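Visitor:
Numbering (the working numbering), first residue to last: 1 to 147.
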């Protein structure tokens, strides 16, 4: 059995990683997806819901990657990360946070899969050992397929 070299999430392209991890989350079938996913906008600054029907898996994968890089992260931080400039027509635009419910449900979904746990200091969530292993394994698969 050939041992794979240690590969971190930071070693691979983030777009490829998030796409691959979203596919892993969808294929596993263990992630709870809220029933309102196809109806909701992902922020007050948006006018329409996302076009991609798997957008919740992509968002959750992106949140997991962010948790890998910088933990602990709470709902408010996730809202800040995905915030966007709101177009107010002829008035000046202003920056708005994204949806808190989407951020909360993404973190709760990762928590149900045992990839994320609440931080001991009470300031958000951090990856578990199992979650870090899963993310590293997918990063290694991406790195290996690139060669």
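Glycine included, every Cβ here is placed at the ideal spot set by N, Cα and C.
Values in this document were obtained by computation on a predicted structure and should not be read as measured data.
Classify residue 69: buried if its beta carbon has 16 or more other beta carbons within 10 angstroms, exposed otherwise.
Guide: As a first step, residue 69 is located in the chain shown; it is residue number 69 there, counting from the start. The residue is exposed, with fewer than 16 neighbouring Cβ atoms inside 10 Å.
Visitor: What residues in its chain sit with their C-beta under 6 angstroms from that of residue 59, if we drop five residues either side in the sequence?
Guide: Numbered from its first residue, the chain shown carries residue 59 at position 59. Hits under 6 angstroms: 106.
Visitor: Is the separation between the beta-carbon of residue 45 and that of residue 84 shorter than 8 angstroms?
Guide: To locate residue 45, count along the chain shown from 1; it is residue 45. To locate residue 84, count along the chain shown from 1; it is residue 84. It is a contact, given that the beta carbons lie within the stated cut-off.
Visitor: With a threshold of 8 angstroms on Cβ separation, who are the neighbours of residue 49 within its own chain once the five nearest residues in sequence on each side are excluded?
Guide: Here residue 49 corresponds to residue number 49 of the chain shown, with the count starting at 1. Excluding residues within five positions, the ones whose Cβ falls inside 8 angstroms are 38, 39, 40, 41, 42.
Visitor: Looking only at its chain, what residues have a beta carbon closer than 8 angstroms to the beta carbon of residue 52, apart from the 5 residues adjacent to it on each side?
Guide: For the purposes of this step, residue 52 is identified with residue 52 of the chain shown, where counting begins at 1. Within the same chain, residue 52 has close Cβ partners 58.
Visitor: In the DSSP assignment, find the unbroken beta strand (DSSP E) run with residue 53 in it and report its ends.
Guide: Within the chain shown, the letter at position 53 stands for residue 53. Segment: none, residue 53 is in no beta strand (DSSP E) and carries neither H nor E.
Visitor: Is it right to say residue 134 is buried, meaning 16 or more other beta carbons lie within 10 angstroms of its own, or is it exposed?
Guide: Counting from one through the chain shown, the residue named residue 134 turns up at place 134. With 16 or more other Cβ atoms within 10 Å, it is buried.
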